[in-house]
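Novice:
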Amino acid sequence: PEDVRAWLDEADSKRLAQSLRSIGAACAAAGFGNAVAAAGRAIADGPGSALDESTLVTLALRARDTDAGAITDDGPDLAGYDRFITGNGGKE
Numbered sequence: 010p011e012d013v014r015a016w017l018d019e020a021d022s023k024r025l026a027q028s029l030r031s032i033g034a035a036c037a038a039a040g041f042g043n044a045v046a047a048a049g050r051a052i053a054d055g056p057g058s059a060l061d062e063s064t065l066v067t068l069a070l071r072a073r074d075t076d077a078g079a080i081t082d083d084g085p086d087l088a089g090y091d092r093f094i095t096g097n098g099g100k101e
């Protein structure tokens, strides 16, 4: 994708090397398409930082293991955790 290519083109050599290693790890974990989607998401969320391996692998695995569009910026429903921790809150 253009956004990932442009971001990598603008990176200095240290950030580029780290980012490519991270993309490689995400590819190994979840496949190329999911790794590139994860890189695009990470760049959109934090454009000034390097693409770290833990973030990319996590996002790539999430993309691989969920339905397209299932991940939103709203995040998951944590009501079950609220009930467990506080004894109330959220829907059953």
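Letter 80 of the sequence shown, counting from 1, is numbered 89 in my numbering, and no numbers are missing.
Cβ atoms here follow ideal geometry from the backbone N, Cα and C, with glycine treated the same way.
A quick note: this is a predicted structure, and the numbers were derived from the prediction, not measured.
#1: Check the C-beta distance from ALA59 over to ARG24 and give it rounded, since I have them as a contact under 8 Å.
#2: Just tell me which of VAL45, PHE93, TYR90, ASP83 has its CA closest to the CA of ALA72.
#3: According to DSSP, is ALA20 helix, strand or coil?
#4: Is the distance from the Cβ of LEU65 to the Cβ of ALA47 below 8 Å?
#5: Taking LEU87 as part of the alpha helix (DSSP H), name the residues at either end of that continuous run.
#6: Let me make sure I understand the geometry here. Which of SER22, GLU11, ASN97 has the alpha-carbon closest to that of ALA53?
#7: Going by C-alpha to C-alpha distance, which of ALA69, ASP86, ASP61, LEU87 sits closest to ASP27?
#8: For the putative contact between ALA51 and LEU68, defined by C-beta atoms under 8 Å, what is the C-beta separation to the nearest angstrom?
#9: Assuming ALA39 and LEU70 make a contact with CB atoms under 8 Å, what is their CB distance in whole Å?
Specialist: From the atom records:
#1: Position 50 of the sequence shown holds residue 59. Position 15 of the sequence shown holds residue 24. Between the beta-carbon of ALA59 and that of ARG24 there is about 5 Å, and that keeps the pair under the 8 Å contact cut.
#2: Start at 1 with the first residue of the sequence shown, and residue 72 comes out as number 63. Ranking the options by Cα distance to ALA72, first place goes to VAL45.
#3: Within the sequence shown, numbered from 1, the residue matching residue 20 stands at position 11. Coil, per DSSP.
#4: Taking the sequence shown and counting its residues from 1, the one referred to as residue 65 is at position 56. Taking the sequence shown and counting its residues from 1, the one referred to as residue 47 is at position 38. Result yes, Cβ atoms of LEU65 and ALA47 sit closer than 8 Å.
#5: On the sequence shown, position 78 is the one that residue 87 refers to. First-last for LEU87: undefined, no H or E at that position.
#6: By one-based count along the sequence shown, residue 53 stands at place 44. Among SER22, GLU11, ASN97, the Cα nearest to that of ALA53 is on GLU11.
#7: Here residue 27 corresponds to residue number 18 of the sequence shown, with the count starting at 1. According to the sequence provided, residue 27 is Gln. The question's Asp does not apply to it. Measuring from the Cα of GLN27, the nearest candidate turns out to be ASP61.
#8: Residue mapping note: residue 51 aligns to position 42 of the sequence shown, counting from 1. Residue mapping note: residue 68 aligns to position 59 of the sequence shown, counting from 1. Going by Cβ atoms, the distance from ALA51 to LEU68 rounds to 6 Å, so yes, they are a contact pair.
#9: Taking the first residue of the sequence shown as 1, we reach residue 39 at position 30. Taking the first residue of the sequence shown as 1, we reach residue 70 at position 61. Right, the Cβ-Cβ distance comes to about 5 Å (below 8 Å), so this counts as a contact.
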